[in-house]
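One structure is given here, and the rest of the page talks about it.
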Amino acid sequence: MAWSRSARAAMAALALGTAAPSLAAARDVASAAAAKPSISYGEWTDPARGGREVPYKLYVPAGPGPFPLIVHSHGLGGSREGSTYILQALAEAGFAVAALQHPGSDTAILAGFRPGEEAGLLGKLAPDAAANRFGDIPFALDQLTRMNAPGGVLAGKLDLSRIGMSGHSFGALATLVAVGQVLPGAPDGAFREPRIKAAIVYSPNKPRQGGANTAFAQIHTPMLHFTGTLDRTAIDLEKTPWERTIPFQEITGADQFLIVLRDGDHGVYTGRRQSMGAPKPTDAGQMRVIVEETLAFWRAYLRGDTAAAKSLCDLPKILAPMGEAYVKAKACGAATPIRPAESP
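Residue numbers for the sequence shown, in our numbering: 148 to 491.
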């Protein structure tokens, strides 16, 4: 069904538990919010990669399906429990979600580190941590395909013709690689996953080596990019948060959307501060925007929802109170001019 912007905002508020929706908006979302998705945990073992284990958290909407599938990749030092507020909202809106955990770049590398020592995390990564993470994506899709087969535990619940991928930080890199980012020294398309039809990157990075125009030239996947004016971490190479917009600026092979949250930082996408009981004053409003526009993008590009697609064209106007938005999409007309690569 086509969702109004008020209904989307209400759905986001329900997911975050931050506001009571109006009665009209509540009626719009009642059917989606009435039944909670099922959540299960498991672990896959890949004999082709020396028995590598890939833990996962699977959200499956209520109802018979089939449901579009989103695969999510956490950031460095994260886990399958990351970004729960986003993924829960997706499942309640009718999207199945597989949140992966990547051993070698997950919470285990945080052992012994204190706040302020994050810059040393890269030194704890095994040389094959990135390649293992990138390889987890096609492996996970193969396992989900097996689970979705007749007689499998999902047995037709997933619509595998409508697969999206999202990721935060290191997970955003994994997402970009899965849709075609070229890595220096690797064969072109070495980690490309053609089953992914659309993608969202939260706090993406510029290429570590090589030119950005070359790195992103083979991406032909619709994408939504999120960053913020305070989106810095001690372990990234970006001199300013604005450098996180470089993937958006360089990708020309498909529709691209960019949201830059005013005062948005690197951690708002994880929901970790909420789980620790230490939210920032800006978190609730930014998290509502993140959920709302995430839902709009997936509805537009995995469900063909024309109302959601129209709302994405209007992002520069809609986001004005919370930040800035930029659009490069044929259906939206002329591209939104983007300011120079500096912190807004």
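For every residue, glycine included, the Cβ atom is placed at its ideal position computed from N, Cα and C.
Item                                                                                                                                  : Value
Straight-line Cα distance separating Gly-336 from Ser-151                                                                             : Its pLDDT being 45, under 50, Ser-151 is placed unreliably in this model, and the coordinates cannot settle the point.
Alpha-carbon to alpha-carbon, Val-348 and Gly-259                                                                                     : 29 angstroms
N- and C-terminal bounds of the beta strand (DSSP E) containing Ala-443                                                               : Here Ala-443 belongs to no beta strand (DSSP E); instead the alpha helix (DSSP H) covers 430–449.
Closest by C-alpha distance to Ala-472, when choosing among Thr-441, Pro-428, Leu-408 and Gly-451                                     : Leu-408
Cβ-Cβ separation, Gly-225 to Thr-417 (assumed contact under 8 angstroms), whole Å                                                     : 7 angstroms
Collapsed DSSP secondary structure at Pro-351 in the structure displayed                                                              : coil
C-alpha gap between Val-436 and Ala-236, whole angstroms                                                                              : 12 angstroms
DSSP bridge partner residues for Leu-216 (one or two, in chain order)                                                                 : Ala-243 and Ile-310
Own chain, CB closer than 6 angstroms to Ser-185, minus 5 neighbours either side, in chain order                                      : Val-207
Option in Gly-400, Leu-216 and Asn-352 with minimal Cα separation from Lys-477                                                        : Gly-400
Contact check, Ile-406 vs Ser-313, beta carbons under 8 angstroms                                                                     : no
Residues near Arg-342 by beta carbon distance below 6 angstroms, same chain, minus five either side                                   : Leu-288 and Ile-310
Distance, Thr-374 Cα to Gln-290 Cα                                                                                                    : 31 angstroms
Tyr-473 - DSSP class collapsed to helix/strand/coil                                                                                   : strand
Where the alpha helix (DSSP H) through Pro-285 begins and ends                                                                        : 276–295
Cα-Cα separation, Gly-411 to Met-469                                                                                                  : 9 angstroms
Cα-Cα separation between Ser-230 and Gly-432, rounded to whole angstroms                                                              : 16 angstroms
Secondary structure of Ser-230, DSSP reduced to three states                                                                          : coil
Burial state of Pro-388 (16 or more Cβ within 10 Å)                                                                                   : buried
Chain-order list of residues whose beta-carbon lies under 6 angstroms from that of Ala-362 (same chain, five-residue window excluded) : Gln-328, Val-329 and Pro-354
Inter-residue Cα distance where the pair is Thr-392 and Ser-458                                                                       : 21 angstroms
Integer-rounded CB distance, given that Phe-404 should sit under 8 angstroms from Leu-462                                             : 6 angstroms
Distance CB(His-221)-CB(His-315) smaller than 8 angstroms                                                                             : yes
Exposure of Asp-378, with buried meaning 16 or more beta-carbon neighbours within 10 Å                                                : buried
Pro-202 - partner residues in DSSP beta bridges                                                                                       : Glu-190
Start and end residues, beta strand (DSSP E) containing Leu-330                                                                       : First-last for Leu-330: undefined, no H or E at that position.
Secondary structure of Ser-185, DSSP reduced to three states                                                                          : strand
Residue interval of the alpha helix (DSSP H) (run including Ile-366)                                                                  : No alpha helix (DSSP H) holds Ile-366; DSSP gives it neither H nor E.
3-residue-minimum beta strand (DSSP E) runs that sit fully inside the segment 387–412, ordered along the chain                        : 403–412
The alpha helix (DSSP H) enclosing Thr-322, as first and last residue numbers                                                         : 317–325
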